[in-house]
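Colleague: The opening residue of the sequence shown carries number -15 in the numbering used here; numbering runs sequentially from there.
Note that the Cβ used here is the ideal one computed from N, Cα and C, for glycine as well.
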Amino acid sequence: PDKPIQLIVPYGAGGSSDLLARAIAQVAPKHFSQPLVVVNKTGGGGIPGRVDVARSKPDGYTVLFGWGSGEDLVVPHQRPLPYDLFKDFETVCRMSVHSIVLAVPAASPYKTLADLVKAAKGKEYMTAAVSTKGASVDITFLLFAKAAGIKVTTVPGTGGSSAITQLVGGHVDFGGGHPSEVLPHIKAGRLRALAVALEKRDSSIPDVPTFREAGYDVVTAGSVKGVAVPKGTPKDVIAYLEKKFKEVADDPEFQKIMNDIGQPVMYQNAPEYTVWFKKAYDQFGDLYKSLGIETK
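#1: Under the DSSP definition of a beta bridge, which residues are partnered with Ser(-7)?
#2: Compare the Cα-Cα distances from Asp157 to each of Ile148, Lys215, Gly210 and Thr26 and report the closest residue.
#3: Once the 5 residues before and after Met250 are set aside, which same chain residues still bring their CB inside 8 Å of it?
#4: Determine the closest residue to Lys262 out of Ser146, Trp51 and Val152, with distance taken between C-alpha atoms.
#5: Can you tell me whether DSSP reads Lys209 as helix, strand or coil?
#6: Pull the bridge partners of Glu74 from the DSSP assignment, please.
#7: Thinking Ala112 and Val139 are a contact (beta carbons under 8 Å), I'd like their distance in whole angstroms, please.
#8: Going by DSSP in three states, Asp47 sits in which element: helix, strand or coil?
#9: Taking its Cβ as the centre, do 16 or more other Cβ atoms sit within 10 Å of Gln(-10), making it buried, or is it exposed?
#10: Pick from Tyr200, Gly159, Pro64 and Ser83: whose alpha carbon is nearest that of Val114?
#11: Return yes when the Cβ of Ala172 is within less than 8 Å of the Cβ of Val203, no when it is not.
#12: Can you give me the start and stop residues for the beta strand (DSSP E) that Gly161 sits inside?
#13: Taking 8 Å as the threshold (C-beta atoms), are Ala5 and Phe49 in contact?
#14: Note down, in chain order, each residue of its chain lying with its Cβ closer than 6 Å to the Cβ of Tyr94, except the 5 sequence neighbours on either side.
#15: From what residue to what residue does the beta strand (DSSP E) around Ala113 run?
#16: Determine the direct distance from the alpha carbon of Ile134 to that of Glu108, and round the result to whole angstroms.
#17: By Cβ distance, which residues of its chain are closer than 8 Å to Lys230, with the 5 residues on each side in sequence left out?
#18: As a quick exercise: from Asp72, Glu55 and His61, pick the residue whose alpha carbon is nearest that of Asp266.
#19: Which residues does DSSP pair with Leu175 in a beta bridge?
#20: Would you please state the rounded distance, in angstroms, between the beta carbons of Ile222 and Glu74? I believe it to be under 8 Å.
#21: Gln247 and Ser145: beta carbons closer than 8 Å?
#22: Taking Cβ to Cβ, would you say Tyr(-5) is nearer than 8 Å to Arg34?
#23: Please report the straight-line C-alpha distance between Leu151 and Leu65, rounded to a whole angstrom.
#24: Among the residues of its own chain, which have a CB less than 6 Å from the CB of Phe195, if the five just before and after it don't count?
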């Protein structure tokens, strides 16, 4: 590259995608010959930012970050989108996969997931703050509602940070996001985590039980943070980006930043991530249909 590369984050500042993108941009000067500039394009449930990338010049200077989030794996099963996932984008790599944490405000009377469910049984519905409608956090909370036999109305924000702000302010019954979004508030005593939607406990918050431990079969892939470029980007450019992002993923400084913010480094190259992406996409489609979840 002979000019800065734009890393488009289709969500607000302070969310898990934004934090990871900025961690990458911080370490990138050691590996890229030009800086990576993080650009937040918020609104529209993460869709407009993707549209901008899909329609940009396929020269490698406009890169989508967050490729594999709920807007890619879940939303296409719900409604038509102004682009085709598999025809308008080229996969570069995967950087991380985050778990999903359900939390309540510190002042909440709910100390456990059982307390929350018991209270929900006596209400018309519970409200839950989520990053964007149809994304992985949203679908996880709807799966939880289905498994627990309760009614939940999700309240979308402009990204993970705005959802957590709603939650900390006590504007909803519960909410959550990824460890990097909730950990600072848990440590500061503003939030209390009740469950994580993984097969096993998340090492970044090991004291928090899984939904399965609490008696609810809720396991999701979490939020996947990958990199994509517009279809038609030259293969040598994709290869360059893939190589450089791998160097960032292997960098001890980057790994320390990721550990500090509670995000695991889970790099996959383009071929590996392309296969993983399609499998996860199909699994979400099957899950969505089998549960009959309606989020429109």
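Modeller: This is what the structure gives:
#1: Before going further, note that residue -7 is Val rather than Ser in the sequence given. Asn24.
#2: Out of Ile148, Lys215, Gly210 and Thr26, Ile148 has the C-alpha closest to the C-alpha of Asp157.
#3: Arg78, Met79, Ser80 and Val81.
#4: Looking at the Cα atoms, Trp51 is the closest of the given residues.
#5: DSSP places Lys209 in strand when its eight states are reduced to three.
#6: Answer by DSSP bridge pairing, in chain order: Val213.
#7: Confirmed, Cβ separation roughly 7 Å.
#8: Checking the displayed sequence, the identity of residue 47 turns out to be Val instead of Asp. Three-state DSSP puts Val47 in a strand.
#9: Of the other Cβ atoms in all chains shown, 16 or more fall within 10 Å of the Cβ of Gln(-10); this residue is therefore buried.
#10: Of the listed residues, the one whose Cα sits closest to Val114 is Gly159.
#11: Result no, Cβ atoms of Val203 and Ala172 do not sit closer than 8 Å.
#12: From DSSP, the beta strand (DSSP E) with Gly161 extends over Phe158 to Gly161.
#13: Going by C-beta atoms, Phe49 is nearer than 8 Å to Ala5.
#14: Around Tyr94: Val88 and Leu100.
#15: That run of the beta strand (DSSP E) goes Met110 to Val114.
#16: Their backbone Cα atoms lie some 9 Å apart in a straight line.
#17: If we look at Lys230 and ignore the five residues flanking it on each side, its Cβ neighbours are Cys77, Tyr251 and Asn253.
#18: Ranking Asp72, Glu55 and His61 by Cα distance to Asp266 puts His61 first.
#19: The partner list for Leu175 (beta bridge, DSSP) reads Pro89.
#20: Confirmed, about 6 Å.
#21: With respect to Ser145, Gln247 sits apart: the two C-beta atoms are not nearer than 8 Å.
#22: Result no, Cβ atoms of Tyr(-5) and Arg34 do not sit closer than 8 Å.
#23: Leu151 and Leu65: Cα-Cα distance of roughly 29 Å.
#24: Excluding sequence neighbours, Phe195 sits near Ala179, Ala181 and Val202.
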